[in-house]
Amino acid sequence: MSIIPLKGKAYDKILEDMESFRNQDADFIGGRTWSLVYHLSLEHDAFLKKAHNLYFSENALNPMAFQSLKRFEHEVVKMAADLLNGDENVVGTMTSGGTESCLLPVMAYRELARSKKRWGSKFTPEMIAPESIHVAWEKAAKYFNVKMVSIPLKDDFTGDVDILKKKINKNTIMIVASAPSYPHGVIDPIEDIGQIACEKNIPFHVDSCLGGFFLPFLEQIGYSIPTFDFRCKGVTSISADVHKYGFGAKGASILLYKNMAYLKHQFFIHQNWPGGVFASPALLGTRPGGPIAAAWAAMNAMGQQGYQEMAKKVMGTTKKLIQGIDAIQGLKVMGKPQMSVFAYTSTNPKIDIFAIGDVMEDKGWHIDRLQRPVGLHAMVTPAHEAVADQYLMDLKESLEFLKSHPDQASRGNAAMYGMIAHVPFRGLIKKQVQKMMEKMYGPDCEMPMNNNGKPSLPLRIGTGILKLISKRKF
Ligand SMILES: *Cc1c(COP(=O)(O)O)cnc(C)c1O
């Protein structure tokens, strides 16, 4: 059992220990990760840390006490509104990240619908979104008791607008679509959906958590990008993460609304609390000053030109990777990715894409798996310029290796990922993951391990499901 040490330890000793705990962590500086960390440069990191530390103690919960933070937040919101072509009425808040920027609009639009009192006591709110929408929206639906109506994807991995239109009914409180989607990096038909949202007078959120600080700069340097921002009729809110391609510190996203008539439903005010009259603009109570200050610092340090250069460089690496993958016989990129995130899959029925993922992991890459349909995922950052050739070479080698070792495909993680992706009893998977979470967060903090002694989700889920299936009679 861990307890707080009776006598405090020396600062230096503690920091030394903490450094050493990093040994096993993923190497994002060397470009080995393809998600989770957006790393620009060590120099930029050092600057961000300074900016963050300047406001390390401050709390944006009370903007009257810390006017500096209110100013940062206001300017960040204004700069983002300008970037996304909003007019002077656009308002918004900073949030702790993409997830909070997805949670809040669902709550706000539900309250907006409720305020119209169209439903009486039979209020059963629904939201509509393509299947590729970020999972944070499913979380929002669950937290705020709103039914998620999922729209199937077309062959190009964008949401099917005709079906979307048919799903609108009197319970629809909002529509969400992505620019671009996290899994495949494609932009949903925002203009078409906006048109429908406008006709039916339904709020429409564009999730640009990933693209908000990337697509506008691609457009500025001459890429042809379909219009996805406030220029589209019907768009009532947009989210953009500063802690992704904005290259701010973690814990920073921006949530913009077309005007105060929408944002006002996000505010929480409680006038009767014995602790005092309470007002809060977003989800958190205490709001750390560091990420807000670092976001402001990052945007000012990058400048539009800095972001343009970053986007240009990252797109250069992305093109190289996409062309390289498409040139490998047996692999193909899924759909037509419109920025620096994409997925690819196997075109050889004898080669399991997840087996390729495993061999790539043996070679030291951290790779995310997609399902329904299956694929491997890549989010390209500036750190990948130096390793793109190596990545392509390793992919080729992995494929060759699997051709000569076909038995590998049915082993270990690949087999389990494959099964998880294809098993028809989706409830079983949920049950297994639930169990695993209870172990991981249980009194003994049990991490699921694969055969190599590395932490791994699929093996544990997979074996659990196999056990369950073997006990079942069909
Ligand atoms: C990353 C992401 C989110 C969630 O953001 P977090 O910062 O991870 O909470 C939501 N939507 C999209 C499109 C994203 O890429």
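Numbering (our numbering), first residue to last: 194 to 667. Cβ atoms here follow ideal geometry from the backbone N, Cα and C, with glycine treated the same way. Note that the structure is a prediction, hence the values are computed from the model and not measured.
Contact between Ile383 and Thr429 fails: their C-beta atoms lie close to 12 Å from each other, not under 8 Å.
If you check the C-beta of Leu277 against ligand 1, you find no heavy atom less than 7 Å away. Closest in alpha carbon position to Asp275, among Asp422, Ala334, Gly223 and Ile380, is Asp422. Residue pairing for Lys340: DSSP places it in a beta bridge opposite Glu319. For Cys295, the shortest C-beta to heavy atom distance toward ligand 1 is below 7 Å. Under the rule that a run must span 4 or more residues, the alpha helix (DSSP H) segments found entirely inside the segment 259-287 read 260-276. DSSP places Val399 within a strand segment (E or B) once states are collapsed to three. Here the alpha carbons of Val369 and Ile344 stand approximately 11 Å from one another. Annotation: the continuous beta strand (DSSP E) that includes Ser539 extends over Val534 to Ser539. Under the three-state reduction of DSSP, Leu235 is assigned to helix. If you look at Lys525, you'll find it in the beta strand (DSSP E) that goes Leu524 to Val526.
Out of Lys596, Phe410 and Thr292, the CA that lies nearest to the CA of Asn541 is found in Lys596. Closer than 7 Å to some heavy atom of ligand 1: that describes the Cβ of Asp434.
His559 and Gln583 have their alpha carbons spaced roughly 14 Å apart.
The beta carbon of Gln464 lies closer than 7 Å to those of Val470 in the same chain, with the five residues before and after it left out. Distance check between Lys525 and each of Pro323, Gly568, Ser533 and Gly441 places Gly568 closest, using alpha-carbon atoms only. Taking the Cα positions, Lys243 is about 35 Å away from Val379.
Counted as a single uninterrupted DSSP element, the alpha helix (DSSP H) harbouring Thr511 occupies residues Gly482 to Ala520. Between ligand 1 and the CB of Ser371, the shortest heavy atom gap is smaller than 7 Å. If you draw a straight line from the Cα of Thr574 to the Cα of Lys309, it comes to about 44 Å. Taking C-beta separations shorter than 7 Å and ignoring five residues to either side along the sequence, the partners of Lys529 in its chain run Asp349 and Val379, following chain order. In this structure, Gln501 sits away from Ile447, with a CB-CB distance that is not shorter than 8 Å.
Scanning Leu585, Asp218 and Lys332 for the CA closest to the CA of Val552 turns up Leu585.
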